[in-house]
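Report on the following structure.
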Amino acid sequence: MGWIPCSGMSNSKKKKKPTIMSQKPLDQIKLTSERSRMGSPLKDKESSKRGAPDSIAAQIFSFRDLATATKNFKAECLLGEGGFGRVYKGRLETINQVVAIKQLDRNGLQGNREFLVEVLMLSLLHHPNLVNLIGYCADGDQRLLVYEYMPLGSLEDHLYEISPGKKPLDWSTRMKIAAGAAKGLEYLHDKASPPVIYRDLKCSNILLGEGYHPKLSDFGLAKLGPVGDNTHVSTRVMGTYGYCAPEYAMTGQLTLKSDVYSFGVVLLEIITGRKAIDHSKATGEQNLVAWAKPLFKERSKFSTMADPMLQGQYPPRGLYQALAVAAMCVQDQPNLRPAIADVVTALGYLASQTFDPKIKHIQSSRLAPGTPPRTPMRSKSQR
Ligand SMILES: Nc1ncnc2c1ncn2[C@@H]1O[C@H](COP(=O)(O)OP(=O)(O)O)[C@@H](O)[C@H]1O
Ligand SMILES: [Mg+2]
């Protein structure tokens, strides 16, 4: 997937002591311009309400610790590679834990800004649907991030190119993953203060734990959202082609609704098993949203949109409702897209529905329109 890179901040050459510690790191890091501009540091509204301190618990690891944990970054430990570097599985003896270690590319230290944002964001934000940052290493010009290891990999690994013998995700699991990812996003939008715009929602950034519990990862592109009467923040356009909201791609104006658009694309991928952008498909089918939009208007075509890997094992009404949510999220007009809290309500309902493939479901366009989610979707005006 194509990244649109940005220039990084200059690197401080100060060498850090290779120790493991807590409670200290952020005062050593140059804060992002956004943070100082906001005047107030990023907070989790709920922990502030409880009187809990905004915890900064990331530990500092030495490069040597991380090299040992990954057998010197051996190929057999490689979990995957993304736009900013490689991710390895490792075992940290000092904390007796299996972890995922991301080594950022050092090319001109472009990733330094993303590194700082990621450490800052993940140190202050904590939620069951956000990946946990255990620590980091900033020895010399090395930049590494240490995360909890997510044993089932990314959602992308389970939707596409599934090896024979591996079971494709069933409908209920798909809905649970979608609902959990939406909850993670809701936390960023509605519980963090100021709100956080995630900016890089895509299937490879939804990591899966035991029982397919989803967590959002990769906060290097996240932005503090608008405060006061402002409706947007202006930025260079970054993100991943195929997931970017059209108004953001065209004007650089970023709002919470840009994330809702990306969420809609992910939801469509979950339902259809098609990639956001797939150059191997025929012209007209390469862009998932462009392919889906005309089909949203024809209810009789809905069953053709379901992932063939589901082999028809889905509740027709659930499919209809999930497609309705996706269709609302990918609307061109940002203020017509629902707020993520409403998406959480709708998907929470769909995820709570048990679906037993053995029970015959009526596949028909004769069905009355699906039971609406408990709370009707409302289109909040853009924040
Ligand atoms: N915490 C983690 N636990 C397990 N696997 C991970 C973890 N973080 C990343 N990965 C794997 O490494 C791959 C590369 O990650 P990343 O560098 O974030 O790039 P991208 O998100 O663009 O794929 C992911 O797609 C995922 O399969
Ligand atoms: Mg990622």
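Position 200, counted from 1, in the sequence shown is what the numbering used here calls 268; the numbers after and before it change by one each time, with no gaps.
The beta-carbon is built from N, C-alpha and C at its ideal position, and this holds for glycine as well.
Integer-rounded CB distance, given that residue j should sit under 8 Å from residue i
i, j, result
"Leu138", "Gly151", "Leu is not the amino acid found at residue 138; the sequence shown has Thr there. No, Thr138 and Gly151 are not in contact; Cβ-Cβ is about 20 Å, not under 8 Å."
"Leu198", "Gly279", "Incorrect: roughly 17 Å between the Cβ atoms, too far for contact."
"Gly332", "Val398", "4 Å"
"Leu292", "Pro262", "5 Å"
"Gln171", "Phe141", "7 Å"
"Val393", "Val411", "6 Å"
"Arg267", "Asp327", "7 Å"
"Ala126", "Leu201", "5 Å"
"Met377", "Pro236", "4 Å"
"Leu322", "Ile265", "6 Å"
"His195", "Ile408", "Not really, about 13 Å apart at Cβ, beyond 8 Å."
"Asp173", "Gly203", "Not quite, the Cβ-Cβ distance comes to about 20 Å (not below 8 Å), so this is no contact."
"Leu275", "Met218", "4 Å"
"Leu391", "Phe370", "6 Å"
Assigned secondary structure, residue i (DSSP; H/G/I helix, E/B strand, else coil)
i, result
"Pro196", "coil"
"Pro362", "helix"
"Thr422", "coil"
"Ser90", "Because Ser90 sits at a pLDDT of 30, beneath the cut-off of 50, its placement in the model cannot be relied upon, and the point is left open."
"Pro402", "helix"
"Asp238", "coil"
"Glu229", "coil"
"Asp286", "coil"
"Tyr417", "helix"
"Val185", "helix"
"Gly277", "coil"
"Glu216", "strand"
"Asp207", "coil"
"Val295", "coil"
"Lys157", "strand"
"Ser58", "The shown model of the chain, from 69 to 451, leaves out residue 58, and the question about it has no answer."
"Asn355", "strand"
"Trp71", "With a pLDDT of only 37 at Trp71, under 50, the local geometry of the prediction cannot be trusted, and no value is derived from it."
"Leu269", "coil"
"Lys142", "coil"
"Ile481", "There is simply no residue 481 to check, as the chain begins at 69 and stops at 451 in what is shown."
"Ala21", "Residue 21 is absent from the structure shown; the chain starts at 69 and stops at 451."
"Ala126", "coil"
"Lys111", "strand"
"Ala260", "strand"
"Ser222", "strand"
Residue i burial status per 10 Å Cβ neighbour count (16 or more: buried)
i, result
"Ser75", "Low per-residue confidence applies at Ser75: pLDDT is 29, beneath 50, and the placement is therefore not dependable, though the value from the model is reported in the following sentence. Ser75 comes out exposed."
"Glu366", "exposed"
"Ile296", "The question names Ile, but residue 296 is Gly in the sequence shown. Classification for Gly296: exposed."
"Pro444", "Caution is warranted here: a pLDDT of 43 is assigned to Pro444, below 50, making its placement in the model unreliable, and the coordinate value is therefore given only provisionally. Exposed, because fewer than 16 other Cβ atoms sit within 10 Å of the Cβ of Pro444."
"Ala414", "buried"
"Gly307", "buried"
"His226", "buried"
"Asn273", "buried"
"Leu269", "buried"
"Lys113", "exposed"
"Ile427", "exposed"
"His347", "exposed"
"Asn180", "buried"
"Ser389", "A small correction: the amino acid at residue 389 is Gln; Ser does not occupy that position in the sequence shown. Buried, since its Cβ has 16 or more Cβ neighbours within 10 Å."
"Asn164", "exposed"
"Leu134", "buried"
"Pro402", "buried"
"Ser330", "buried"
"Glu144", "exposed"
"Asn298", "exposed"
"Leu404", "exposed"
"Glu182", "buried"
"Ser302", "exposed"
"Pro294", "buried"
Reference residue i; option with closest CA among the options
i, options, result
"Val214", "Glu229, Asp286, Ile230 and Leu336", "Asp286"
"Thr372", "Ala206, Ala392 and Ile339", "Ile339"
"Gly288", "Leu227, Leu212, Leu363 and Pro236", "Leu212"
"Ser240", "Gly386, Pro402, Ala407 and Asp400", "Gly386"
"Leu160", "Ser191, Glu216 and Gly233", "Glu216"
"His300", "Glu315, Gly310, Tyr309 and Tyr311", "Glu315"
"Glu254", "Leu220, Leu193 and Tyr204", "Leu193"
"Glu337", "Leu324, Ala350, Gln354 and Lys325", "Gln354"
Extent of the continuous alpha helix (DSSP H) run through residue i
i, result
"Pro384", "Pro384 to Cys397"
"Val305", "Looking at the DSSP string, Val305 is not in any alpha helix (DSSP H), and its letter there is neither H nor E."
"Ala317", "Pro314 to Thr319"
"Gly332", "Leu324 to Thr340"
"Phe370", "Phe370 to Met373"
Bounding residues of the beta strand (DSSP E) (the contiguous stretch that carries residue i)
i, result
"Ala135", "Here Ala135 belongs to no beta strand (DSSP E); instead the alpha helix (DSSP H) covers Phe131 to Ala137."
"Leu146", "Leu146 to Gly150"
"Lys170", "Gln165 to Leu172"
Neighbourhood of ligand 4 [Cβ distance below 6 Å to any heavy atom], ordered by chain position: With respect to ligand 4, the structure offers nothing, as its ligand set consists of ligand 1 and ligand 2.
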